[in-house]
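2 protein chains.
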Amino acid sequence: MADGAELRERIPHPPAEALDLATILRTLGDPLRLEIVRVLADGRPRICGELAELLGVPTSTGSYHLRLLREAGITRTRVRGTSREISLRRDDLDARFPGLLDALTRS
Amino acid sequence: MADGAELRERIPHPPAEALDLATILRTLGDPLRLEIVRVLADGRPRICGELAELLGVPTSTGSYHLRLLREAGITRTRVRGTSREISLRRDDLDARFPGLLDALTRS
DNA sequence: CCCTTATTTCAATAACTTTGGAAATATCGC
DNA sequence: GCGATATTTCCAAAGTTATTGAAATAAGGG
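Chains as they are written, first to last, in the working numbering: chain P, 1307 to 1413; chain W, 1307 to 1413.
Spelled out as structure tokens, the structure:
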């Protein structure tokens, strides 16, 4: 690690008020990312490698898509040991865009 | 007009069964196109030039975005005189993805 | 500490998207 | 047909996004 920055790594998430509908739609408008959201829709968090394997992509590709989902405010990422636990930000999304997630994950 | 193809010009629209959610989301994930959909959400059709002017873009740019909306199955385009009348495909969208349009145009 | 495991970042590349001026096409009314 | 009006298509430039191997970083456990 680079000299000096010894604080525990914090993963940045946008606050709920900052969520932008066009950004969310653009982010979900990719089959891989939409599939990730559908998998997470059951409320159970998954770890990054689990999702990459499920989608059949290298972890570097998975990590890229998970970063976009997190930056758009769609998912939340928590450090747990050497893994990251990914979950849907369902309450924030439901509060900000009622009905959207339901419409996307229905059936 | 090119020699021989004298039939009345028909504008292609995808059938309702062919609508794809990821394609629709990708298409709406552009601020200009999302704005067009919000304008059309009142159910009143608009002509192309009206929309381009409203958005402050050249008609060639407007025409490009309207083509993407039409090809994604989000809007319907009808020839009316020298103009094209653009409207939302609300019934098809509501039937195929219940709640989606409502969630996008609420407020 | 060092090793292992999980994940991210980097860098290069390829593929796709957006923009807008100019030219082409379509339709109408005369 | 012709001219006017509305829109689309073409094209090239610019911008953005996706993909992935390799290197870097992080955390945990001996």
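Ideal Cβ positions, reconstructed from N, Cα and C, are used throughout, including at glycine.
Close beta carbons around H1371/W, own chain, < 6 angstroms, minus the five adjacent residues each side: To locate residue 1371/W, count along the second sequence from 1; it is residue 65. Within the same chain, H1371/W has close Cβ partners L1338, R1339.
Interface flag, R1350/W vs chain P, CB-CB below 7 angstroms: For the purposes of this step, residue 1350/W is taken as the residue at position 44 of the second sequence. No, no contact with chain P.
Interface positions of the region 1317–1338 of chain P facing chain W (Cβ-Cβ less than 8 angstroms), listed along the chain: L1327, A1328, T1329, I1330, L1331, R1332, T1333, L1334, G1335, D1336, P1337
Continuous alpha helix (DSSP H) stretch holding I1330/W: start and end: The residue you call residue 1330/W lines up with position 24 of the second sequence. I1330/W -> alpha helix (DSSP H) spans 1327–1334.
S1369/P, DSSP secondary structure in three states: Counting from one through the first sequence, the residue named residue 1369/P turns up at place 63. Of the three classes helix, strand and coil, the one that applies to S1369/P here is helix, per DSSP.
T1411/P, DSSP secondary structure in three states: Here residue 1411/P refers to the residue found at position 105 when the first sequence is read from its first residue. DSSP places T1411/P in the helix class (H, G or I) of the three-state scheme.
Top-ranked residue by Cα proximity to A1322/P, from I1392/P, T1411/P, R1390/P, T1381/P: On the first sequence, position 16 is the one that residue 1322/P refers to. Selected option, being the one with the closest Cα: T1381/P.
Residue-chain proximity (L1399/P, chain W), Cβ-Cβ < 7 angstroms: Residue numbering aside, residue 1399/P sits at position 93 when the first sequence is read from its first letter. False, the Cβ-Cβ gap to chain W never drops below 7 angstroms.
Where the alpha helix (DSSP H) through R1402/P begins and ends: Counting from one through the first sequence, the residue named residue 1402/P turns up at place 96. First-last of the alpha helix (DSSP H) with R1402/P: 1396–1402.
Nonlocal neighbours in the same chain, by C-beta distance under 7 angstroms from R1344/W, ignoring five residues either side: By 1-based counting over the second sequence, the position of residue 1344/W is 38. If we look at R1344/W and ignore the five residues flanking it on each side, its Cβ neighbours are T1411.
For I1392/P and C1354/P, believed in contact at Cβ under 8 angstroms, the rounded distance: Counted from its first residue, the first sequence places residue 1354/P at position 48. Counted from its first residue, the first sequence places residue 1392/P at position 86. Contact holds; Cβ gap of about 6 angstroms.
Contact with chain P by L1357/W, beta-carbon distance below 7 angstroms: In the second sequence, residue 1357/W corresponds to position 51, counting from 1. No, its Cβ sits nowhere closer than 7 angstroms to a Cβ of chain P.
Cβ of G1368/P within 7 angstroms of any chain W Cβ: Translated into the one-based positions of the first sequence, residue 1368/P becomes position 62. In terms of beta-carbon proximity, G1368/P stays away from the interface with chain W, with every pair separated by 7 angstroms or more.
Contact list for G1405/P against chain W, beta-carbon separation under 7 angstroms: As a first step, residue 1405/P must be located in the first sequence, where it is residue number 99. Those are G1405, D1408, A1409, listed as they occur along chain W.
Endpoints, the beta strand (DSSP E) within which V1385/W is located: The count along the second sequence starts at 1 and reaches residue 1385/W at position 79. Run containing V1385/W: 1381–1386, per the beta strand (DSSP E) assignment.
Selection from P1404/P, R1384/P, R1376/P that minimises the alpha carbon distance to I1342/P: Taking the first residue of the first sequence as position 1, residue 1342/P is located at position 36. Nearest option by C-alpha distance: R1376/P.
Pick from R1402/P, D1348/P, P1351/P that is closest to G1379/P, judged by C-alpha positions: Counting from 1 along the first sequence, the entry for residue 1379/P is found at position 73. The shortest C-alpha separation from G1379/P is found at R1402/P.
Identity of the residues DSSP links to R1352/W by a beta bridge: The sequence position of residue 1352/W within the second sequence is 46, counting from 1. I1392/W, per the DSSP bridge assignment.
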